[in-house]
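Enquirer: 341 is the number that my numbering gives to position 117 of the sequence shown; each next residue is one higher, with no gaps.
Yeah, the Cβ is synthetic: ideal placement off N, Cα and C, and Gly gets one too.
Just passing along the structure, written as structure tokens.
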Amino acid sequence: MVTPRRRKGYTLMELMVVVAILGVIVSAAPRLLNGIYRFSRLSTARLEIQKNARAALSNINRGLRQAQASSVVIDQLSGMPPHSRITFDRYKPDGSIETVSYYQAGKVLYLSSQGATGKKVADDLRYLAFTYPKSDDESIISISVTFERATYEGGAKALQMAVEKVRVMN
225 MVTPRRRKGY TLMELMVVVA ILGVIVSAAP RLLNGIYRFS RLSTARLEIQ KNARAALSNI
285 NRGLRQAQAS SVVIDQLSGM PPHSRITFDR YKPDGSIETV SYYQAGKVLY LSSQGATGKK
345 VADDLRYLAF TYPKSDDESI ISISVTFERA TYEGGAKALQ MAVEKVRVMN
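Have a look at this one:
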């Protein structure tokens with residue numbers, strides 16, 4: 225009795241199917257990797273601007289609560305948007321008075337004390353505005369900020385936040 229010979233290897237049809245499947249996978253991989261990269265850049269940008277916005281608003285809010293309402297001046301630096309600088313006096317723990325200023329210069333938010341060079345508070349600032357929501361009450365100030373960060377292929381992610389009614393306590 226003759227035993228059938230077992231052939232080892234793959235047929236041409238099996239190889240063609242494998243090549244076709246690999247071709248589909250390889251052609252889809254760059255698009256998938258590009259989408260993953262874009263998503264990670266967008267997520268990172270969103271987290272960074274949220275962190276900057278929260279820290280900046282918290283810092284400004286804390287400072288404004290300690291301000292003397294009669295000393296608040298809202299203006300702008302040369303070449304910057306209107307209402308993008310606020311200057312006020314506040315009491316220091318030793319009882320002396322300190323002049324503080326928050327302002328936008330380019331895409332950076334600065335804090336200046338006693339007229340000194342500003343200290344950077346936040347990056348990626350697109351717009352900053354201080355206003356009085358009620359013109360008859362100068363103890364309430366509204367803050368509006370927009371942060372923007374580049375994401376991918378010329379795109380940008382922006383976050384606009386507004387804090388209404390920051391009450392000046394002094």
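Where residue 310 and residue 250 are concerned, what is the direct C-alpha to C-alpha distance, given to the nearest angstrom?
Expert: Stepping through the sequence shown from its first residue, residue 310 is reached at position 86. Stepping through the sequence shown from its first residue, residue 250 is reached at position 26. Answer to the nearest angstrom: the Cα atoms are 56 Å apart.
Enquirer: Taking the continuous alpha helix (DSSP H) assigned at residue 275, which residues delimit it?
Expert: As a position in the sequence shown, residue 275 is number 51, starting the count at 1. Where residue 275 is concerned, the enclosing alpha helix (DSSP H) stretches over 236-289.
Enquirer: Any idea if residue 263 is buried or exposed, counting beta-carbon neighbours within 10 angstroms, 16 or more meaning buried?
Expert: Translated into positions along the sequence shown, residue 263 becomes position 39. Around the beta carbon of residue 263, fewer than 16 other beta carbons lie within 10 angstroms, which makes this residue exposed.
Enquirer: Let me confirm a value: residue 258 is counted as buried when at least 16 other C-beta atoms fall within 10 Å, else exposed. Which label applies?
Expert: What you label residue 258 is simply residue 34 of the sequence shown in a count that begins at 1. Answer is exposed; the Cβ neighbour count stays below 16.
Enquirer: Of all the options 353, 320, 324, which has the alpha carbon lying nearest to the alpha carbon of residue 308?
Expert: Counting from 1 along the sequence shown, the entry for residue 308 is found at position 84. Minimum Cα distance to residue 308 is reached at 353.
Enquirer: Counting beta carbon pairs with one atom in the stretch 380-389 and one in the stretch 267-282, are three or more of them shorter than 8 Å?
Expert: yes
Enquirer: Out of 391, 285, 341, 374, state which residue places its alpha-carbon closest to the alpha-carbon of residue 268.
Expert: Position 44 of the sequence shown, counting from 1, holds the residue named residue 268. It is 374 whose Cα lies nearest to the Cα of residue 268.
Enquirer: How many Å lie between residue 329 and residue 335 at the Cα?
Expert: As a working mapping, residue 329 is identified with position 105 in the sequence shown. As a working mapping, residue 335 is identified with position 111 in the sequence shown. Each residue's alpha carbon lies about 11 Å from the other.
Enquirer: When DSSP labels each residue in this structure, what does residue 368 get in the three-state scheme?
Expert: Translated into the one-based positions of the sequence shown, residue 368 becomes position 144. Correct three-state label for residue 368: strand.
Enquirer: Quick check: what's the CA-CA separation for residue 306 versus residue 300?
Expert: Locating residue 306 in the sequence shown gives position 82, where the first residue counts as 1. Locating residue 300 in the sequence shown gives position 76, where the first residue counts as 1. Going by the C-alpha atoms only, they are around 6 Å apart.
Enquirer: Among 235, 255, 297, whose alpha-carbon lies nearest the alpha-carbon of residue 364?
Expert: Your numbering for residue 364 matches position 140 in the sequence shown. Per the Cα distances, 297.
Enquirer: For residue 390, count neighbouring C-beta atoms within 10 Å of its own C-beta (all shown protein chains included) and say buried if the count is 16 or more, exposed if not.
Expert: Walking along the sequence shown from the start, residue 390 turns up at place 166. Its Cβ being crowded by 16 or more others within 10 Å, residue 390 is buried.
Enquirer: What does DSSP give as the partner residue(s) for residue 331 in the beta ladder?
Expert: The residue you call residue 331 lines up with position 107 of the sequence shown. In DSSP, residue 331 forms no bridge with anything.
Enquirer: For residue 382, does the three-state DSSP call read helix, strand or coil?
Expert: In the sequence shown, counting from the first residue as 1, residue 382 sits at position 158. In the structure shown, residue 382 sits in a strand (DSSP, three-state: E or B).
Enquirer: Bridge partners of residue 352, per DSSP?
Expert: As a first step, residue 352 is located in the sequence shown; it is residue number 128 there, counting from the start. Note: residue 352 sits in a beta bridge opposite 369.
Enquirer: Apart from the five residues just before and just after residue 248, which ones in its own chain have a Cβ nearer than 6 Å to its Cβ?
Expert: Mapped onto the sequence shown, residue 248 falls at position 24. Contacts found: none.
Enquirer: With a threshold of 16 other CB atoms inside 10 Å of the CB of residue 242, please say whether the residue is buried or exposed.
Expert: For this step, residue 242 is matched to residue 18 along the sequence shown. Exposed: under 16 other Cβ atoms inside 10 Å.
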